[in-house]
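Asker: For reference, the structure I am asking about is given below.
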Amino acid sequence: MNSLKCLARISRVRTQPSLLYPAMSSAMSTKILRESIKLKPGRFSTFSSMARTCLADIPHPSTYAVKPQEEPKVFSMPSRPRAVYERPKLKTRDLPSPPVRWPLYLGLGVVGVSLWAGFILYTTNQERLSSSVVRQFISKIKRSDDPQVLAVLGENIELEPTWFMGGKPWINGQVSMMKGNVDVSARIRGSKGAGTAYFTSIRREKGVPFIILRFKIICDDGTVISLADRA
705 MNSLKCLARI SRVRTQPSLL YPAMSSAMST KILRESIKLK PGRFSTFSSM
755 ARTCLADIPH PSTYAVKPQE EPKVFSMPSR PRAVYERPKL KTRDLPSPPV
805 RWPLYLGLGV VGVSLWAGFI LYTTNQERLS SSVVRQFISK IKRSDDPQVL
855 AVLGENIELE PTWFMGGKPW INGQVSMMKG NVDVSARIRG SKGAGTAYFT
905 SIRREKGVPF IILRFKIICD DGTVISLADR A
């Protein structure tokens, strides 16, 4: 019975080595137990003798050297100041001046705005030129058999081309069929002379025909030819 209690105690010590010496850490107790218990076959005859031998072989913790703790160092004076060194001087040079690019940006802006304005003018002129009202009043002038028109302008009357429209005629004014307002003018030329044709027509309300207010040609020599009565 005593042998069984001894073996039970040894098993508890093996599983929890800190039971032997509570003041010691678990790792140190495990190390002491592993070094002390070295069983050899045929050495013990009974369980009680094996237990007594095992417990007797365990050394006392006082036999192990414990490293003493070092006391903190206390300084009575501040540390010696370090030698002062001058900061090395770097080689300095003037920064390069940035390139002046605002004239380039200004030129590009002017070119862009000019191209956009030219595109708007070209498209609006083509819209007026292709409108049915402008084509009708130009056709009436071309087919006119008025002796005064033939005497001043001559034959082969056509719209005068312009260089800024790429050889196409320029129609000045506005054509607004939805609002009932048409007011345009265009340069024309013939075999004898040239002039400017004016055409103005309005519609007072929806559902009623347009009323021609002005349809005339002012020639370059100052002659005014009215075509409103013959339109």
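Heads up: the sequence shown begins at 705 in the numbering used here, then just goes up one per residue.
No residue lacks a Cβ here, since even glycine has one placed at the ideal position from N, Cα and C.
1. With a CB to CB cut of under 8 angstroms and the five nearest residues on each side skipped, what residues in its chain are close to Ile845?
2. For my contact list, Ile875 and Ala890 are in at a C-beta cut-off of 8 angstroms; report their separation, rounded to the angstrom.
3. As a quick exercise: from Arg784, Val888, Glu790, pick the residue whose alpha carbon is nearest that of Ile842.
4. Between which two residues does the alpha helix (DSSP H) holding Gln830 run?
5. What is the DSSP secondary structure of Lys742, reduced to helix, strand or coil?
6. Would you kindly check if the distance between the Cβ of Gly897 and the Cβ of Asp933 is under 8 angstroms?
7. Confirm, please, whether the CB-CB distance from Asp850 to Ile655 is below 8 angstroms.
8. State the Cα-Cα distance for the pair Val912 and Gly884, rounded to the nearest angstrom.
9. State the start and end residues of the unbroken beta strand (DSSP E) segment that holds Phe919.
10. Quick check: what's the CA-CA separation for Ser818 versus Gly811?
11. Looking at the structure shown, is Ile845 part of a helix, part of a strand, or coil, going by DSSP?
12. Could you give the distance in angstroms between the alpha-carbon of Ser895 and the alpha-carbon of Lys872?
13. Tell me whether Ser780 sits in a helix, a strand or coil according to DSSP, three-state version.
14. Here's a check: name, in chain order, each residue in its chain whose Cβ is nearer than 6 angstroms to the Cβ of Phe919, leaving out the five neighbours to either side.
15. The beta strand (DSSP E) that contains Ala898, what's its start and end?
16. From which residue to which residue does the beta strand (DSSP E) around Gln878 run?
17. Roughly how many angstroms lie between the CA atoms of Leu696 and Trp806, to the nearest whole one?
18. Using DSSP with H/G/I as helix, E/B as strand and the rest coil, what is Pro851?
19. How about Val804 and Ser835: do their beta carbons lie closer than 8 angstroms?
Answerer: Inspection of the coordinates gives the following:
1. Val853, Ile861, Ile892, Ala901, Ile921, Leu931
2. 5 angstroms
3. Val888
4. Unbroken alpha helix (DSSP H) run through Gln830: 806-833.
5. With a pLDDT of 48 at Lys742, under the threshold of 50, the modelled position of this residue cannot be trusted; read the value that follows with caution. In the structure shown, Lys742 sits in coil (DSSP, three-state: anything other than H, G, I, E or B).
6. no
7. The chain is shown only over 705 to 935; residue 655 falls outside these bounds and no answer can be derived.
8. 10 angstroms
9. 915-923
10. 10 angstroms
11. helix
12. 19 angstroms
13. coil
14. Phe903, Leu931, Ala932, Ala935
15. 898-906
16. 875-880
17. The structure shown does not extend to residue 696, since the chain is modelled only from 705 through 935, so no value can be given for it.
18. helix
19. no
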